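One structure below.
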Amino acid sequence: MIYSMTGYGKSVLQLPTKKVTIELKSLNSKSLDLNARMPSIYREKELTIRKLLADNLERGKIDFSIYVEATAEDTSTQINTPVVKQYIEQLRQVVDGNEIELLKMAVRFPDALNTVREEIDESEWQTIAVEINKAIEDLNSHRLDEGKVLEQEFNKRVVIISNLLDQVIAMDPERVEGVRERLLKGVEDLKEKYDENRFEQELVYYIEKFDITEEKVRLKNHLDYFIECINSKDSNGKKLGFISQEMGREINTIGSKSNYAPMQQLVVQMKDELEKIKEQLLNVL
Numbered sequence: 011m012i013y014s015m016t017g018y019g020k021s022v023l024q025l026p027t028k029k030v031t032i033e034l035k036s037l038n039s040k041s042l043d044l045n046a047r048m049p050s051i052y053r054e055k056e057l058t059i060r061k062l063l064a065d066n067l068e069r070g071k072i073d074f075s076i077y078v079e080a081t082a083e084d085t086s087t088q089i090n091t092p093v094v095k096q097y098i099e100q101l102r103q104v105v106d107g108n109e110i111e112l113l114k115m116a117v118r119f120p121d122a123l124n125t126v127r128e129e130i131d132e133s134e135w136q137t138i139a140v141e142i143n144k145a146i147e148d149l150n151s152h153r154l155d156e157g158k159v160l161e162q163e164f165n166k167r168v169v170i171i172s173n174l175l176d177q178v179i180a181m182d183p184e185r186v187e188g189v190r191e192r193l194l195k196g197v198e199d200l201k202e203k204y205d206e207n208r209f210e211q212e213l214v215y216y217i218e219k220f221d222i223t224e225e226k227v228r229l230k231n232h233l234d235y236f237i238e239c240i241n242s243k244d245s246n247g248k249k250l251g252f253i254s255q256e257m258g259r260e261i262n263t264i265g266s267k268s269n270y271a272p273m274q275q276l277v278v279q280m281k282d283e284l285e286k287i288k289e290q291l292l293n294v295l
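Per the working numbering, the sequence shown starts with residue 11, numbered consecutively.
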C-alpha cells in the first residue's frame, strides 16, 4: 500500500457568528515543506498546528489555510465615545457646523476608534481542531486513492521489465554461442596455427568476463522486493527509490556486458520502463 504526496483536504465549520473553512493542499517534496496561512487570532496555535500536520502528513509541500467568514454582527472595533465628544467640543470652538458634520470630522482623528484585540476562545478552538483533523483525514484519503493509481502503474512497469528479463535469460545461451563463433572466426581468419587448448582457456576466461548470471539473479530479486515493498503496510517512497537505483545498476551492467545487439535492445527497453517508474516515484510518500 502506497500513498501519493499529492492530495487535497477540506473541512467547513459553521459557528454562531462565523464560518470557518480549513483547506489542505499537498504536492511532492523531498521533505516536509509547510506553509500556513490563518487569521492573526489563531497565530498562537500555529506551532501546535505545524506539529499536528508533521505527525500526520510526514512529507510533501503542504499548504494549510484557515479562512474565516463573518455570518453575524461581530466586530472588534468600537467608538471611543469620550474622545469623540472632546473632539467635537474642540471643533465647535474652531468652526461652525451641525452635529453630523462635526461628528464626521471627529471620527477621523486619532484614537476615535478602539480596536479590541480578540482573544481566542478555547472551546471554539477545540471545535476547530477537530475540523483540522477531518481535513487531514480527507487529504490522506485522497493521497491513498492517488497511491492506488500509482501502484497499478508500478505493477505494470515491473511486469514489463520482468518479461524483458525473461527474454534476456532465454537469449543468453545464444549470445554466448555467438561470442564463441565470432572469436573462433576471428582466429581462423588470421590463418595462423594456434593451440586449441589455450584457445579454449582464453575463450572460457573471455566468456566468464561477460557472464551476466549474477546480474540477472540480482535484478530479479530487486523486482520481487520492489513489489513486496509496494504491498507492505507502510508507504516508503525513499526506500522504493533506493531499490529502483539498484535495479538500474543491474540493468546497466547487463547492457555493458552483453556485447550482443539483440540483448542490448532489450536492455534499452528495460531502461525506458525503469525511468517511468523513477519519474512516478517522486510522487510517492
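Using N, Cα and C, we set each Cβ at its ideal position, and we do this for glycine too.
Note that the structure is predicted; figures quoted are calculated from it, not measured.
query, result
"Length-filtered (4 minimum) alpha helix (DSSP H) runs lying within the region 47 to 86", "56 to 67"
"Sub-8 Å separation of L193 and K230 beta-carbons", "no"
"Distance CB(N293)-CB(L123) smaller than 8 Å", "no"
"Inter-residue spacing [alpha-carbon to alpha-carbon] between S75 and D148", "15 Å"
"Residue environment, T252, which counts as buried when at least 16 other CB atoms sit within 10 Å", "Note on residue identity: the sequence assigns Phe, not Thr, to residue 252. It is exposed - the Cβ of F252 has fewer than 16 other Cβ atoms within 10 Å."
"Residues sharing a beta bridge with D43, DSSP", "K71"
"C-alpha distance - N108 paired with R102, whole-angstrom precision", "9 Å"
"Beta carbon proximity, Y52 to chain D, threshold 8 Å", "Here chain D cannot be found, since the structure has a single protein chain."
"With 16 other Cβ atoms within 10 Å as the buried cut-off, status of V178", "buried"
"Whole-Å CB distance - I146 paired with G19, under 8 Å assumed", "6 Å"
"Cβ-based neighbour list, K71, same chain, cut-off 6 Å, excluding 5 preceding and 5 following", "L37, S39 and D43"
"Best match in N269, I32, D65 and S254 for proximity to R190 [C-alpha to C-alpha]", "N269"
"Terminal residues of the alpha helix (DSSP H) in which G17 lies", "Careful: G17 lies outside any alpha helix (DSSP H), inside the beta strand (DSSP E) at G17 to Q24."
"Beta-carbon gap between G258 and L291 smaller than 8 Å", "no"
"Alpha-carbon spacing of L226 relative to E256, whole angstroms", "Reading the sequence as shown, one finds Lys at residue 226 and not Leu. In a straight line, the C-alpha of K226 is about 12 Å away from that of E256."
"Three-way DSSP call (helix, strand, coil) for V294 in this model", "strand"
"Ordered list of beta strand (DSSP E) runs contained in the region 81 to 154, each at least 3 residues", "87 to 89 and 123 to 125"
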